[in-house]
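Just below is one structure, and these are the notes that go with it.
In the working numbering, the protein residues as written are 63 to 318.
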């Protein structure tokens, strides 16, 4: 099983690398993507340095990010023929993304590490979400910068602001939920909950494209983003308190 994990990781990385070669990267967006990912990943590795499997989680999340974007893009093209492209972000995208991220949590927690408590599962999920965000945001920076008609710098600044405001920890929140369910032997229930939260997060921005003149999807989307930020902050504080109350001096040994 451990070899299967490495094989799947390499395969996903290959798809993601090919994906990035097709994206319209400009010097500004490429530099921003690298810096953003470096900061995000470095902070994650620092704050979760005592937790097992974190580096594996980040690598898996990044590896499947391009694969997920390719799946989402292809499905969007199919839906566009029926005028239903707005269903993409709130329809199949959350399912695709949460399933491939959750697969990584399962493989890492069964093939690579021996989790000591439910916290180890959740922190692996958080790391997978961080890696996925680093990859997904690189695609967003490339496309939003290329689409900006004013200048590359204006496009990349707008892209960074949008991605920061919309919560760069959202994927960690989603995958953390499903990882917690895995630790409680209730994977289907909590994976479904993660998908539902993800759908809610994407629903109103998608509806705003379907109802161009309506203001209510924008307002509802702002409420959802605010609620997500509150949940993320609360979850971060709660996890830090739990981790402090249950210190683990050394990482769990890896499987042979």
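All C-beta atoms in this analysis are idealised placements derived from N, C-alpha and C, irrespective of residue type, glycine included.
- By the neighbour-count criterion, in which a residue is buried when 16 or more other Cβ atoms sit within 10 angstroms of its Cβ, residue 108 is exposed.
- A residue is called buried once 16 or more other Cβ atoms fall within 10 Å of its Cβ, and residue 295, having fewer, is exposed.
- Here residue 184 has 238, 241 and 242 as same chain residues with Cβ atoms under 6 Å from its own Cβ, once five neighbours each way along the sequence are excluded.
- Within the same chain, Cβ atoms closer than 8 Å to the Cβ of residue 90 are found at 207, 214, 215, 217 and 218, the five residues on either side in sequence being excluded.
- Residue environment analysis places residue 308 among the exposed positions, since fewer than 16 neighbouring C-beta atoms fall within 10 angstroms of its C-beta.
- Nearest in C-alpha terms to residue 173, of all of 115, 229 and 277, is 115.
- Beyond the five residues adjoining it in sequence on each side, residue 195 comes within less than 7 Å, by CB distance, of 102, 230 and 233 in the same chain, given in chain order.
- For residue 212, no alpha helix (DSSP H) encloses it, and the DSSP letter there is neither H nor E.
- Closest option to residue 258, judged by alpha-carbon separation, among 281, 286 and 110: 286.
- Looking at 268, 305 and 126, the one whose alpha-carbon comes closest to that of residue 279 is 268.
- Here residue 78 really is in contact with residue 129; their C-beta atoms are around 6 Å apart, less than 8 Å.
- Taken atom to atom, the span from the alpha-carbon of residue 306 to that of residue 87 is near 42 Å.
- About 7 Å separates the Cβ atoms of residue 189 and residue 123, confirming a contact at the 8 Å cut-off.
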